[in-house]
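Notes follow the structure.
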Amino acid sequence: DTEVTQTPKHLVMGMTNKKSLKCEQHMGHRAMYWYKQKAKKPPELMFVYSYEKLSINESVPSRFSPECPNSSLLNLHLHALQPEDSALYLCASSQEVFGEQYFGPGTRLTVT
Amino acid sequence: AQSVTQLDSHVSVSEGTPVLLRCNYSSSYSPSLFWYVQHPNKGLQLLLKYTSAATLVKGINGFEAEFKKSETSFHLTKPSAHMSDAAEYFCVVSPASNTGKLIFGQGTTLQVKP
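Chains as they are written, first to last, in this note's numbering: chain A, 1 to 112; chain B, 1001 to 1114.
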């Protein structure tokens, strides 16, 4: 099973709201990732977790806060977002921090 | 520095005709290479991967790609296009730095006409 699940599928939030995105995998992968994807563009890496520790933060604004509660779960906490943060947010996982990554279906986020 | 160039931003084919999506890479070593497909409003699905074994790689849904070191290319092909192949395709390099940072091409939109 190479499935990564993400919830919710769609999210609309105001600029003062606090919300969270959730990602889950049960493949025993030790690396997990958050990406942001704008229309007609490739995904942009935001964060990398390896063995539940944050290993890469691609200079992401602090209004995005990742969390890895355990080896199967990855959260992205959102607060005080801007309209330009509207995008498809993708989660991915891989066996280790190299090789192919398996992507979830994404959360379509709209900030109003 | 590694880079990936997808030579066509848009490819249009008729159903039942061959598909060719072109990808060139730049790397000082033999990299791992992947092709991913993304259907509208979906996540990315791994089509195939090259990891220094056979140079001709077979993937899912009838796709295959050939790694040519001399040409630094990794083109994706399919003998006969199906309507369901219409999607965005990304050529991706995995550097040897083992950080998890993939390098994506800009993508090729495949249109399949009936």
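Cβ atoms here follow ideal geometry from the backbone N, Cα and C, with glycine treated the same way. Nothing here was measured: the structure is a model prediction, and the numbers come from that model.
Residue i CB to nearest chain A CB: under 8 Å?
i        : result
S1012(B) : no
T1099(B) : yes
G1016(B) : no
G1059(B) : no
L1076(B) : no
Going along chain A in order, which residues have a C-beta closer than 8 Å to the C-beta of residue i?
i        : result
L1020(B) : Near L1020(B) there are no residues of chain A at all, since even the closest Cβ is about 20 Å away, more than 8 Å.
Got a sec, what are the start and stop residues for the beta strand (DSSP E) residue i sits in?
i        : result
R30(A)   : No beta strand (DSSP E) contains R30(A), which DSSP labels as neither H nor E.
T16(A)   : Segment: none, T16(A) is in no beta strand (DSSP E) and carries neither H nor E.
T107(A)  : 107 to 111
L1047(B) : 1044 to 1050
P66(A)   : 64 to 70
N75(A)   : 73 to 79
Rounded to a whole number of angstroms, what is the C-alpha to C-alpha distance between residue i and residue j?
i        : j        : result
L1048(B) : I1060(B) : 7 Å
V4(A)    : E24(A)   : 6 Å
T7(A)    : K19(A)   : 11 Å
Can you tell which of the options has the C-alpha that lies nearest to the C-alpha of residue i?
i        : options                        : result
T1108(B) : V1092(B), A1096(B), S1097(B)   : V1092(B)
A31(A)   : H10(A), R108(A), A92(A)        : A92(A)
E100(A)  : N70(A), T7(A), H29(A), S20(A)  : H29(A)
K36(A)   : P61(A), Y51(A), S55(A), E96(A) : P61(A)
F1063(B) : S1094(B), S1014(B), W1035(B)   : W1035(B)
F64(A)   : E96(A), F103(A), L45(A)        : L45(A)
Say whether chain B places a C-beta atom closer than 8 Å to the C-beta of residue i.
i       : result
G106(A) : yes
Q95(A)  : no
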